[in-house]
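Visitor:
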Amino acid sequence: MLNNTYIHIPGVGKGLEQKIWAQGIRTWEEFLKMKDRIPIPSSRKARICEEIRKSSERLAAKDHCFFSQCLPSTEHWRAYPLFSDSAAFVDIETTGLSRSRNKITIVGIYDGKESKIYIKDINLDDVVEEFSKYKLLVTFNGTRFDLPFIKSEFPEIEFTQLHIDLMYPLRRIGYKGGLKNIEKLLGISRGDDIEGLTGFDAVRLWRQYERGDQEALDKLIKYNQEDIVNLKTIIELTYPKMVENALKT
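Counting from 316, one number per residue, gives the positions in the sequence shown under the working numbering.
Here is the structure:
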C-alpha cells in the first residue's frame, strides 16, 4: 500500500490522491507512465514525479525515518508489508494510568518470531537498546498510552520509527472497542488461565509479585505476551480490509 500512496508528497491531500486512484493509477510506477490522465497543471505533475522518484529511492533504501516524517501518522499502517521484517509489536504494563505517579512494570516486544519481556528492577533498562533495532512499531492505543509512558521513563529513546497504532485503522473498518473485544470479534482466543484478565488485573498481579508471588509474575508475563503476539495476528487478519477501505473511490 505504501507505493500506492501519494499523501506523503507535499501539496497532495486525500482528495487529489483519490482522484489519482480514480483514474486507474495506483502505483508510483503507473503515475510516471500515465500522469497525463491527471487533470492538474504540468508543473504540479512534474513536482509529484520528482517526489515519487525520491520516494522510490528512499523505499529501496528502507529509509523508515523518511516515511515516518512525511507520511501522516494516521496512515503509517500503509507501510506495514514493506517494513514488517523490522517490526516490533509493543505493549506495556504499569502500576496505574498516570505517567507522573505510576511506573512501567513490563515492556513486551514481539518481533514476529520471538517475545522479549523486560521487567522492572530486572532488565527493564535493556529496552532502550532493543527499540533501536526496529523500523516499525505496532501498538494498540500506543499513541496515547504506551509510547508516552515509555518516553517518560526513558527520554533518551527517540522513537523515529514508523508507528501503527492499530486502534485507529481498525475503527475505520468497523472494529471498535478495546483490544480484547476486537480479538473476540476476530475469533482470537486466549489461554484459559488469562481469559478475561484486564489492565486492572495486571496491576493486581504486579502487586502480588511484589509481595513474593512468583506465579503472579508468570501470569502477568503470559498476559503481556498474548497481547503482543495477538497484535501481529490482528494486523495480518485485517490489513487487506484496511487497503480495500482506503482505495474506495
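Even for Gly, the Cβ is constructed at its ideal location relative to N, Cα and C. Model, not experiment: these values are computed from the prediction.
1. Tell me whether the beta-carbon of Thr-454 lies closer than 7 angstroms to the beta-carbon of Asp-426.
2. CB Glu-541 to CB Arg-505, shorter than 7 angstroms?
3. Quick one: give me the first and last residue of the beta strand (DSSP E) that Phe-404 is part of.
4. Can you give me the C-alpha to C-alpha distance between Asn-438 and Ile-367, rounded to a whole angstrom?
5. Considering only their Cβ atoms, is the gap separating His-379 from His-478 smaller than 7 angstroms?
6. Can you pull the DSSP bridge partners for Val-518?
7. Return the residue from the list Leu-386, Arg-414 and Lys-431 that minimises the CA-CA distance to Asp-406.
8. From which residue to which residue does the alpha helix (DSSP H) around Ile-543 run?
9. Could you check which residue in Asp-516, Leu-494 and Phe-398 has the C-alpha nearest to that of Leu-317?
10. Strictly by DSSP, which residues pair up with Leu-451?
11. With a threshold of 16 other CB atoms inside 10 Å of the CB of Met-349, please say whether the residue is buried or exposed.
Guide: On the basis of the coordinates in this document:
1. Taking the first residue of the sequence shown as position 1, residue 454 is located at position 139. Taking the first residue of the sequence shown as position 1, residue 426 is located at position 111. No, the Cβ-Cβ distance between Thr-454 and Asp-426 is not below 7 angstroms.
2. Numbered from its first residue, the sequence shown carries residue 541 at position 226. Numbered from its first residue, the sequence shown carries residue 505 at position 190. Yes; because the gap between Cβ atoms is below 7 angstroms, this pair is in contact.
3. As a first step, residue 404 must be located in the sequence shown, where it is residue number 89. Segment 402 to 409, the beta strand (DSSP E) holding Phe-404.
4. For the purposes of this step, residue 438 is identified with residue 123 of the sequence shown, where counting begins at 1. For the purposes of this step, residue 367 is identified with residue 52 of the sequence shown, where counting begins at 1. Looking at the two C-alpha atoms, the distance is approximately 43 angstroms.
5. Within the sequence shown, residue 478 is the residue found at index 163, counting from 1. Within the sequence shown, residue 379 is the residue found at index 64, counting from 1. Taking 7 angstroms as the Cβ cut-off, His-478 and His-379 do not qualify as a contacting pair.
6. Taking the first residue of the sequence shown as 1, we reach residue 518 at position 203. Answer by DSSP bridge pairing: none, since Val-518 is not bridged.
7. Walking along the sequence shown from the start, residue 406 turns up at place 91. Across the set Leu-386, Arg-414 and Lys-431, the C-alpha of Lys-431 shows the shortest separation from the C-alpha of Asp-406.
8. Mapped onto the sequence shown, residue 543 falls at position 228. First-last of the alpha helix (DSSP H) with Ile-543: 529 to 561.
9. The residue labelled residue 317 in the question sits at position 2 within the sequence shown. Nearest in C-alpha terms to Leu-317, of all of Asp-516, Leu-494 and Phe-398, is Phe-398.
10. For the purposes of this step, residue 451 is identified with residue 136 of the sequence shown, where counting begins at 1. Beta-bridge pairing links Leu-451 to Ala-402 and Leu-477.
11. Translated into positions along the sequence shown, residue 349 becomes position 34. Exposed: under 16 other Cβ atoms inside 10 Å.
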